[in-house]
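Scroll down for the structure; my scribbles are underneath it.
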């Protein structure tokens, strides 16, 4: 895909749902390149969160419909189609680079495809099957008549009336291709073949889509690492490498004056409202009177984001570090970096608190305490930390299950819900969001009931 000049893709006729056979030969300006990628990424992250929360197929379809309308929709259908295809191939580039990235993208894109396919009408689905070169043929009328009674019986289980079953299209394919439909008894089996109604064909179609996309990601990775990465190191490479860890939520670098916190309250707030990652850093700082650079950055920017003023931040860090390194050394070696985080030194950049994604992707070394407890702690240490926060029973089991499946942010969301006794439908995507929602929840509990 060429990324120069201005973009004006052709609005040729095509099904509303693309199979992404080949990258579009269009020009895309860099601003559109990043904007399209972020919009699709918002859809995929919403899909991934829905999967992690165990949403049912019909709930996922409703979620996908709303996400797509919000982030990818355009009054001109051809514009939506172009953005769809371009953004897919951009994110292929972003997520082809490691096995973990490929697996996440493959799961989210496959689910997105399946839901969008099921939301199409039957005529559009038939068009897609034809374009897809679907390897299985529909039953002829003669073949249908032979097994008609059995197909009518199975059709009742998937909500079709006898008349609908008689008019529906059925496909004959090896049963192993639709093992999920076999296990839920939504197909008729005969001599190693499954007879699949048109309304259920999304299952084998999605499997074939997943196989094709998986191979394409491997090929994209080889091409990118061997040719394009070095060639685009001053233009596309920085964007590609940053997108996979981009935080797409609210900006927590600026707090309202009404939300400022004071030093006298900081221990209480740490105990009640800090997320596990920041609570751990805070406790280690109190215990050791020192944190390495990664820990200082993670905690300092978080405290800045929740409303600790620069003067109080300097007082707080100096009180701790001076017990270990002395006042003079603190002033000489550490005070500068704190002022720097607040935009008062160097380039005067107002640094942003770390998002969950950035913290999860960090690589703490020996003696470091930063990072994400759900990813970087041993199971024993994580259980101990959660128990200290008051988490136990089924909530603990649910959290550990999410950790085992690498859904770290959902594990943190479940922790929030267990600690505060309320639902967090938006999910936890940022430590400062956790803090803000915690303060709201605790304030709500303090209000008198009428």
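In this note's numbering, the protein residues as written are 45 to 494. Note that CB positions come from ideal geometry on N, CA and C, so glycine has one too. Source: prediction; values computed, not measured.
Looking at the DSSP output, residue 380 bridges to nothing. In terms of CA proximity to residue 316, 483 leads the group 114, 483 and 141.
Taking residue 132 as the centre and dropping the five residues before and after it, the same chain places the C-beta of 62, 64, 84 and 153 closer than 8 Å to its C-beta, in chain order.
Counting every other CB atom within 10 Å of its CB across the protein chains shown gives residue 401 a total of 16 or more, marking it as buried.
In this structure, DSSP gives residue 240 an extended state, which the three-state scheme calls strand.
Collapsing the DSSP output to three states places residue 116 in coil. In the DSSP annotation of this structure, the continuous segment of the alpha helix (DSSP H) that includes residue 460 starts and ends at 452 to 464.
In the structure shown, the three-state DSSP call for residue 322 is helix. In the three-state DSSP reduction, residue 67 falls in the coil class, being neither helix nor strand. Pairing residue 360 with residue 366 gives a Cβ-Cβ distance that is not under 9 Å. Taking 9 Å as the cut-off, the Cβ atoms of residue 72 and residue 87 do not count as close.
A distance of 9 Å or more separates the beta carbons of residue 283 and residue 67. Using a Cβ distance threshold of 9 Å, residue 369 and residue 334 count as a contacting pair. Between the segment 152 to 171 and the segment 249 to 257, the count of Cβ pairs shorter than 8 Å is three or higher; the stretches touch.
Residue 348 is a Cβ neighbour of residue 386, given a cutoff of 9 Å. Taking all protein chains in view, the Cβ of residue 476 is crowded by 16 or more other Cβ atoms within 10 Å, so the residue is classified as buried. Our two residues, residue 384 and residue 443, have alpha carbons roughly 37 Å apart in a direct line. Residue environment analysis places residue 363 among the exposed positions, since fewer than 16 neighbouring C-beta atoms fall within 10 angstroms of its C-beta.
Assigned with DSSP and collapsed to three states, residue 433 falls in coil, not helix or strand. In this structure residue 200 is exposed. Its beta-carbon is surrounded by fewer than 16 other beta-carbon atoms within 10 angstroms. No residue range can be given for residue 178, since it is assigned to no beta strand (DSSP E) and is classified by DSSP as neither H nor E. Nearest neighbour of residue 418 by Cα position, chosen from 281, 270, 412 and 427, turns out to be 427. Look at residue 61 here: in three-state DSSP terms it is coil, with no helix or strand label.
Out of 464, 462, 340 and 454, the CA that lies nearest to the CA of residue 470 is found in 454. Between residue 261 and residue 456, the C-beta spacing is not below 9 Å. In the DSSP assignment, residue 188 falls within the unbroken alpha helix (DSSP H) covering 185 to 190. Taking a contact as a CB-CB distance under 8 Å, the pair residue 294 and residue 429 does not count as one, their CB atoms being some 26 Å apart. Bridge partners of residue 234 according to DSSP: 237.
In this structure, the alpha-carbon of residue 169 lies about 15 Å from that of residue 179. The three-state secondary structure of residue 77, taken from DSSP, is helix. Residue 215 sits in a strand when the DSSP states are folded into three classes. Cβ neighbours of residue 412 within its own chain (closer than 7 Å, five residues either side excluded): 336, 338 and 339. The DSSP-derived three-state label of residue 364 is helix. Residue burial is scored here from C-beta neighbours: residue 101 has fewer than 16 other C-beta atoms within 10 angstroms and is therefore classed as exposed.
Going by beta carbons, residue 380 and residue 372 fall outside the 9 Å limit.
CA-to-CA, the gap between residue 205 and residue 196 works out to about 8 Å.
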